[in-house]
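In what follows, a single structure is set out as structure tokens and then discussed.
There are 2 protein chains.
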Amino acid sequence: MSVKHTDDAVMNHLIAALPEDEFIRIKPTLEPVSLTLGEVIYESGQQLNNIYFPTTAIISLLYIMENGSTAEIGMSGNDGLVGIALYMGGSTTPSRAVVQSAGNAFRMPSSALHDEFSLGGVFQKILLRYTQSLMTQISQTAVCNRLHSVEQQLCRWLLINHDLLQTNKLIMTHDLIANMLGVRREGVSIAAGHLQQLGLIKYVRGTITMMNRDALERAACECYRVVKDEYDRLLGKYISKNR
Amino acid sequence: MSVKHTDDAVMNHLIAALPEDEFIRIKPTLEPVSLTLGEVIYESGQQLNNIYFPTTAIISLLYIMENGSTAEIGMSGNDGLVGIALYMGGSTTPSRAVVQSAGNAFRMPSSALHDEFSLGGVFQKILLRYTQSLMTQISQTAVCNRLHSVEQQLCRWLLINHDLLQTNKLIMTHDLIANMLGVRREGVSIAAGHLQQLGLIKYVRGTITMMNRDALERAACECYRVVKDEYDRLLGKYISKNR
DNA sequence: CATCATCCGTGCGCTTGCGCACACATAAAC
DNA sequence: GTTTATGTGTGCGCAAGCGCACGGATGATG
Chain Z
0 MSVKHTDDAV
10 MNHLIAALPE
20 DEFIRIKPTL
30 EPVSLTLGEV
40 IYESGQQLNN
50 IYFPTTAIIS
60 LLYIMENGST
70 AEIGMSGNDG
80 LVGIALYMGG
90 STTPSRAVVQ
100 SAGNAFRMPS
110 SALHDEFSLG
120 GVFQKILLRY
130 TQSLMTQISQ
140 TAVCNRLHSV
150 EQQLCRWLLI
160 NHDLLQTNKL
170 IMTHDLIANM
180 LGVRREGVSI
190 AAGHLQQLGL
200 IKYVRGTITM
210 MNRDALERAA
220 CECYRVVKDE
230 YDRLLGKYIS
240 KNR
Chain F
0 MSVKHTDDAV
10 MNHLIAALPE
20 DEFIRIKPTL
30 EPVSLTLGEV
40 IYESGQQLNN
50 IYFPTTAIIS
60 LLYIMENGST
70 AEIGMSGNDG
80 LVGIALYMGG
90 STTPSRAVVQ
100 SAGNAFRMPS
110 SALHDEFSLG
120 GVFQKILLRY
130 TQSLMTQISQ
140 TAVCNRLHSV
150 EQQLCRWLLI
160 NHDLLQTNKL
170 IMTHDLIANM
180 LGVRREGVSI
190 AAGHLQQLGL
200 IKYVRGTITM
210 MNRDALERAA
220 CECYRVVKDE
230 YDRLLGKYIS
240 KNR
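See the structure below:
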């Protein structure tokens with residue numbers, strides 16, 4: 000069903016899912032960019048000018064409170080895009096988009112996005128479906144924050160990363176994870192220590208290696224699977240070859 | 000700017016914001032329905048057939064976990080609609096929509112919705128903008144669940160209700176609120192008791208009366224205002240007369 | 001090789017919220 | 001008017017997570 004494009008833009012699943020004609024049309028508007036760790040793609044409330052389709056990079060959507068504490072509401076990698084507000088009409092959101100794992104992405108200017116979106120084709124369909132899948136992710140984060148332990152959430156967070164990464168190794172300190180999860184660094188250290196003791200992960204100074212994915216899934220809360228299944232339900236028929 | 004329609008469908012702000020021609024076109028497809036307290040509009044994962052535009056009713060979006068505990072991710076009243084998944088492409092969501100405050104709504108069948116949505120007019124714009132505003136609400140709920148106290152969240156929750164209601168009186172037990180907030184009934188009782196002591200609210204057996212809205216806003220976390228401001232930013236220009 | 005910054009382990013007191021249990025009040029039902 | 005159901009107050013003990021503090025370890029820098 001899905002067409003093989005002649006470009007590594009295919010690494011982004013949403014782009015890869017486009018029919019040949021739509022792909023050819025938007026291809027010239029896609030500019031490859033390299034994103035560095037910690038780079039801020041969008042600042043909260045700031046007018047957006049481009050939408051990003053990550054290929055190897057992972058971008059984190061963060062809320063920053065008045066007192067400076069932070070919490071992640073969602074993550075996008077080659078399964079999605081960053082910059083939903085551009086086609087939803089708001090042009091901006093109250094969240095910040097930060098590069099959590101350095102890598103590449105394709106950048107598409109706002110004008111090209113609007114042109115293609117307004118045609119009402121598969122491009123629009125896929126973008127809207129992805130938006131719904133992101134809503135599920137955010138919703139699940141909300142209930143997860145309320146009802147589950149730090150350790151369960153850490154497992155979930157590691158699994159999401161694992162899905163978006165090409166490797167088992169994750170460059171990430173406990174401190175950064177704490178900022179994402181909205182908890183203390185010590186809390187992450189304790190949870191990670193426990194997971195290491197169980198043999199699910201290993202880590203040394205800023206590098207976490209996932210040793211046993213299945214066990215991690217069992218140690219995570221149901222939230223991980225709900226979001227994953229919902230993504231597959233919404234976009235699976237477009238992204239047939241994936242996974 | 001906004002046209003005065005000849006119908007009480009105007010009580011729903013999104014419908015009221017439509018230009019005359021679009022309103023006339025969708026009007027015959029709107030069926031007034033009465034919604035009773037506790038009624039389940041949509042069940043999690045169940046195929047949707049209608050979208051709802053509340054006028055006096057308030058609908059709560061709930062997640063139900065495997066162990067039966069619940070948490071609210073958002074609320075819609077005459078400021079919005081229920082059934083986003085219908086035009087986003089998913090046809091369903093993992094959440095349940097429950098009537099939290101009895102009242103009326105307009106029901107629009109899926110087919111009519113798709114017809115009008117695909118025209119790419121103001122209707123589509125407004126629906127997408129509302130979706131973004133709901134995403135903000137859900138996102139803020141996520142960080143609020145992580146970072147703020149039960150009392151702060153209770154204030155926020157009361158304020159949202161107050162905005163959607165036509166009165167200061169809220170028919171709601173501590174137990175139900177606890178289900179919404181995803182906390183214990185006792186926790187709500189303690190927080191509510193404190194707010195009553197401060198003179199912000201009064202309550203007796205299932206009825207809560209808001210006494211001092213300004214003070215409630217000061218006692219709430221920033222989350223309330225962020226969501227409200229974002230809604231106004233996204234939809235304010237359409238809903239000029241509102242507030 | 002020595003210094004320094006960064007990352008992680010650990011301990012302690014404290015607060016918030018949980019789970020449970022039960023008493024008491026007020027409305028509804030008969 | 002008595003019974004019954006429902007809604008709220010209160011009091012435990014307990015666990016999770018917070019804020020703070022400090023010490024040790026590891027890797028980068030010069």
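Protein chains in written order, with numbering that gives the first Met the number 0: chain Z, 0 to 242; chain F, 0 to 242. Built from N, CA and C at the ideal position, the CB exists for glycine as well. Note that the structure is predicted; figures quoted are calculated from it, not measured.
Residue j beta carbon less than 8 Å from that of residue i
i                     : j                     : result
residue 111 (chain Z) : residue 28 (chain Z)  : yes
residue 50 (chain F)  : residue 17 (chain F)  : no
residue 102 (chain F) : residue 34 (chain F)  : yes
residue 192 (chain Z) : residue 136 (chain Z) : no
residue 15 (chain F)  : residue 238 (chain F) : yes
residue 98 (chain Z)  : residue 63 (chain Z)  : no
residue 77 (chain F)  : residue 12 (chain F)  : yes
residue 120 (chain F) : residue 21 (chain F)  : yes
residue 93 (chain Z)  : residue 229 (chain F) : yes
residue 134 (chain Z) : residue 10 (chain F)  : no
residue 178 (chain F) : residue 69 (chain F)  : yes
residue 205 (chain Z) : residue 172 (chain Z) : yes
residue 75 (chain F)  : residue 84 (chain F)  : no
Span of the beta strand (DSSP E) around residue i
i                     : result
residue 30 (chain Z)  : 30 to 34
residue 324 (chain F) : What is shown of chain F runs 0 to 242, which leaves residue 324 (chain F) out entirely.
residue 268 (chain F) : The displayed coordinates of chain F run from 0 to 242. Any statement about residue 268 (chain F) would go beyond what the structure contains.
residue 203 (chain F) : 200 to 203
residue 41 (chain Z)  : 39 to 41
Reduced DSSP category for residue i - H, G, I as helix; E, B as strand; rest coil
i                     : result
residue 53 (chain Z)  : strand
residue 1 (chain F)   : Note that residue 1 (chain F) scores a pLDDT of 43, beneath 50, so its modelled location is shaky and nothing firm can be said.
residue 226 (chain Z) : helix
residue 242 (chain Z) : For residue 242 (chain Z), the predicted model reports a pLDDT of 35, less than 50, meaning its position is unreliable; a value from the coordinates is still stated below. Coil at residue 242 (chain Z), not helix or strand.
residue 100 (chain Z) : strand
residue 212 (chain Z) : helix
residue 134 (chain F) : helix
residue 108 (chain Z) : strand
residue 129 (chain Z) : helix
residue 140 (chain Z) : helix
residue 13 (chain Z)  : helix
residue 90 (chain F)  : coil
residue 183 (chain F) : coil
residue 146 (chain Z) : helix
residue 197 (chain Z) : coil
residue 117 (chain Z) : coil
residue 47 (chain F)  : coil
Among the options, nearest to residue i - alpha-carbon criterion
i                     : options                       : result
residue 26 (chain Z)  : Z:105, Z:48 and Z:90          : Z:105
residue 222 (chain Z) : Z:194, Z:201, Z:172 and Z:157 : Z:157
residue 180 (chain Z) : Z:194, Z:143 and Z:215        : Z:143
residue 176 (chain F) : F:167, F:145, F:165 and F:160 : F:160
residue 219 (chain F) : F:124, F:190 and F:66         : F:190
residue 60 (chain F)  : F:66, F:200 and F:38          : F:38
residue 167 (chain Z) : Z:152, Z:188, Z:202 and Z:138 : Z:202
residue 52 (chain F)  : F:122, F:70 and F:69          : F:122
residue 310 (chain F) : F:30, F:152 and F:217         : Since the first residue shown for chain F is 0 and the last is 242, residue 310 (chain F) is missing from the structure and cannot be characterised.
residue 115 (chain F) : F:23, F:217 and F:208         : F:23
residue 226 (chain Z) : Z:209, Z:139, Z:124 and Z:32  : Z:139
residue 207 (chain Z) : Z:178, Z:170 and Z:183        : Z:170
residue 236 (chain Z) : Z:188, Z:84, Z:182 and Z:129  : Z:129
residue 214 (chain Z) : Z:231, Z:232 and Z:195        : Z:195
residue 155 (chain Z) : Z:113, Z:209, Z:127 and Z:132 : Z:209
Where the alpha helix (DSSP H) containing residue i begins and where it ends
i                     : result
residue 159 (chain Z) : 149 to 163
residue 86 (chain Z)  : 84 to 87
residue 78 (chain Z)  : Taken as a continuous stretch (DSSP letters only), residue 78 (chain Z) belongs to no alpha helix (DSSP H), as it is neither H nor E.
residue 21 (chain Z)  : 19 to 25
### Message
So if I threshold CB-CB distances at 7 Å, which residues from the stretch 130 to 147 of chain F count as touching chain Z?
### Response
130, 131, 134, 135, 137, 138, 140, 141, 142, 144, 145 and 146
### Residues of the stretch 66 to 90 of chain F with Cβ closer than 7 Å to any Cβ of chain Z, in chain order
68, 70, 72, 84, 87, 88 and 89
### Query
the stretch 181 to 202 of chain F: which residues have C-beta closer than 7 Å to a C-beta of chain Z, in chain order?
181
### Query
Which residues, in chain order, does the stretch 103 to 123 of chain Z contribute to contact with chain F at a C-beta distance below 7 Å?
117 and 119
### Query
If contact means a Cβ-Cβ distance below 7 Å, which residues of the stretch 36 to 69 of chain Z contact chain F?
62, 64, 65 and 68
#### Entry: Selection of the stretch 19 to 31 of chain F by Cβ proximity to chain Z, strictly under 8 Å
none
### Query
Just by C-beta distance, which residues in the stretch 203 to 232 of chain Z are closer than 7 Å to chain F?
221, 225 and 229
### Near-chain F residues of the stretch 143 to 177 of chain Z - C-beta to any C-beta below 7 Å
144, 145 and 146
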